[in-house]
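Going by numbering that gives the first Met the number 0, the residue at position 179 of the sequence shown is 178; the numbering climbs one at a time, nothing skipped. Every residue gets a Cβ at the ideal spot worked out from N, C-alpha and C, and that includes glycine.
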Amino acid sequence: MHPYYFGGNANDEEQQRLISSEDTENAITDPINFPPPPTLVTRRIWSLLRRLRYPLLCFSITGLISLFFLLCYVALSHLGYYDFVFDGPRPDYLNTTVPKPLIIRLALISRVDGYERRQILRDLMLTGIPSKYAKIEYKFFLGHLPGSASNTTLNSILAKENMLYDDLEILENIDDIPQRISEKRFAALKWVSLCSSS
Numbered sequence: 000m001h002p003y004y005f006g007g008n009a010n011d012e013e014q015q016r017l018i019s020s021e022d023t024e025n026a027i028t029d030p031i032n033f034p035p036p037p038t039l040v041t042r043r044i045w046s047l048l049r050r051l052r053y054p055l056l057c058f059s060i061t062g063l064i065s066l067f068f069l070l071c072y073v074a075l076s077h078l079g080y081y082d083f084v085f086d087g088p089r090p091d092y093l094n095t096t097v098p099k100p101l102i103i104r105l106a107l108i109s110r111v112d113g114y115e116r117r118q119i120l121r122d123l124m125l126t127g128i129p130s131k132y133a134k135i136e137y138k139f140f141l142g143h144l145p146g147s148a149s150n151t152t153l154n155s156i157l158a159k160e161n162m163l164y165d166d167l168e169i170l171e172n173i174d175d176i177p178q179r180i181s182e183k184r185f186a187a188l189k190w191v192s193l194c195s196s197s
């Protein structure tokens, strides 16, 4: 090979020897036309591109897909696909005014032994709203603790709490375990659906 390829500084005699040797029949005789060796910066750039070829390919594909969806959206919007025209009479519920005070019904899922949390909610969140703006109706939905018939202390605490606040809905046919929380939610939804007439 030509010594200039390796970046060496060969003198003229060595150059002539390599060109005139029998092993190098197809050697390039003009050193001006011989390609220069790649620089360090060029090698680093190619190395970086080689390492980043898959992320760049993924980025390019994602960009092309995004551009395709954007063009589809623009084309469909120009064709009137997203123009919603509601024909027909206006529903009556849109013409009714909101009664004042506004009635807000909250169904709160709780545990039998969560009386401290219930009290914190009563003290900090469920009181203090002026009655001329909103009226809050709320209930705590509790299940029946398995074996609570023998636990007279817990039953007496629940009875006092319900007598004092009248905001507990004890579901006697549902055990208060995590596996049956969906049944408590269903009972809470049924209670919320009963709209107050006042």
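> Enumerated in chain order, which unbroken segments of the beta strand (DSSP E) with a length of 3 residues or greater are wholly contained in the stretch 70-136?
Replying inline: 101-108
> What residue from 108, 158, 142 has the CA that sits closest to residue 176's CA?
Replying inline: 142
> Straight-line CA distance for residue 119 to residue 54?
Replying inline: Their backbone Cα atoms lie some 53 Å apart in a straight line.
>> So residue 107 and residue 138 are supposed to be a Cβ contact under 8 Å. How far apart are they, rounded?
In response: 7 Å
>> For residue 98, tell me which candidate among 144, 158, 132, 46 has the shortest Cα-Cα distance.
In response: 132
> Secondary structure at residue 169, three-state DSSP: helix, strand or coil?
Replying inline: strand
>> Suppose the cutoff is 7 Å on Cβ atoms and the five residues either side in sequence are ignored; what does the same chain contact list for residue 125 look like?
In response: 135, 137
> Taking the alpha helix (DSSP H) that residue 179 falls in, what are its first and last residues?
Replying inline: Residue 179 -> no alpha helix (DSSP H), and no H or E assigned at all.
> Taking just the CA atoms, how far does residue 145 sit from residue 186?
Replying inline: Their backbone Cα atoms lie some 19 Å apart in a straight line.
> Where do the ends of the alpha helix (DSSP H) carrying residue 41 lie?
Replying inline: 39-50
> What residues are listed by DSSP as bridge partners for residue 68?
Replying inline: The partner list for residue 68 (beta bridge, DSSP) is empty, contrary to what the question assumes.
>> Given a cut-off of 9 Å on the beta-carbon distance, is the pair residue 104 and residue 190 in contact?
In response: yes
> Short check: CB of residue 45 to CB of residue 36, under 9 Å?
Replying inline: no
>> Please list the terminal residues of the continuous alpha helix (DSSP H) segment that includes residue 153.
In response: Taken as a continuous stretch (DSSP letters only), the alpha helix (DSSP H) holding residue 153 covers 151-164.
>> Just to confirm, is the Cβ distance from residue 181 to residue 140 under 9 Å?
In response: Note that the C-beta distance between residue 181 and residue 140 is not below 9 Å.
> What number of angstroms, rounded off, separates the C-alpha of residue 49 from the C-alpha of residue 42?
Replying inline: 10 Å
> Whole-angstrom Cβ separation of residue 173 and residue 183, contact assumed at under 8 Å?
Replying inline: 6 Å
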